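Colleague: Going by my numbering, the sequence shown opens with residue 860, and the numbers climb by one from there.
Glycine included, C-beta positions come from ideal geometry on N, C-alpha and C.
Computed from a prediction, not measured in an experiment: that's the story for all the values here.
Just passing along the structure, written as structure tokens.
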Amino acid sequence: MSEGGERRRRAGGDADAGMSGYSDLVRDHFQNPRNVGAIAEADAVGYQTNPVCGDTMRLTLRVNGGRIVEARFQTSGCPAAIATSSVCTEMIRGQTLAEAEALTKEDYAAALGGLPASKMHCSVLAADTVRAAAADYPQRTAH
Ligand code: FES
860 MSEGGERRRR AGGDADAGMS GYSDLVRDHF QNPRNVGAIA EADAVGYQTN PVCGDTMRLT
920 LRVNGGRIVE ARFQTSGCPA AIATSSVCTE MIRGQTLAEA EALTKEDYAA ALGGLPASKM
980 HCSVLAADTV RAAAADYPQR TAH
């Protein structure tokens, strides 16, 4: 359940409700999320639930030459969760899986101009889901 009385939204939501305290970048990524969706026959898939609130993120990756060449997400959660998911897909494109795994929730929050202290836990969802996708990759490619 989302905290703070915010209504749960899916990526692509355009409501401005519950947006006080967020940076312009958070608002932009929430209202115009990048790379929403799923990659067919992805090279790696990650799925995580935020242990604090139960919000979820699914991340699909296409990997070529050891680097992430495409990333798409489906997140059901609060504005901070959707914004960090969106900026995450932009940040990890072009990176190796190891580089992407090394990104922290603080990195995602910083890329959005910061998050309110009460919403920092939301950015862990993107970091955890990238790690889940990186762990999934060897299983899909080991044939
Ligand atoms: S309240 Fe669940 S991720 Fe933000």
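Taking the CB atoms as reference points, tell me whether residue 892 and residue 941 lie closer together than 8 angstroms.
Modeller: Contact: yes.
Colleague: To the nearest angstrom, how far is it from the Cα of residue 899 to the Cα of residue 921?
Modeller: Going from the Cα of residue 899 to the Cα of residue 921 covers about 9 angstroms.
Colleague: Let me know the secondary structure DSSP gives residue 933 once reduced to three states.
Modeller: Here residue 933 carries a strand assignment [DSSP, helix/strand/coil].
Colleague: Here's a check: name, in chain order, each residue in its chain whose Cβ is nearer than 6 angstroms to the Cβ of residue 918, leaving out the five neighbours to either side.
Modeller: Shown here for residue 918: same chain residues with a beta carbon closer than 6 angstroms to its own, the five before and five after excluded, namely 905, 932, 988 and 992 in chain order.
Colleague: Where do the N-terminal and C-terminal ends of the alpha helix (DSSP H) with residue 903 fall, by residue?
Modeller: It is not in any alpha helix (DSSP H) - residue 903 instead sits in the beta strand (DSSP E) that spans 903-908.
Colleague: Residue 976: beta carbon under 7 angstroms from a heavy atom of the ligand FES?
Modeller: no
Colleague: Note down the Cα distance separating residue 969 from residue 1001, rounded to an integer number of angstroms.
Modeller: 35 angstroms
Colleague: Report all residues from its chain with a CB closer than 7 angstroms to the CB of residue 963; omit the five preceding and five following residues, and keep chain order.
Modeller: 986
Colleague: Ignore the nearest five residues each way along the sequence and tell me which others in residue 907's own chain have a CB closer than 8 angstroms to its CB.
Modeller: Cβ neighbours of residue 907 beyond the five flanking positions: 915, 916, 984, 987, 988 and 991.
Colleague: Under 8 angstroms between the Cβ atoms of residue 909 and residue 936?
Modeller: yes
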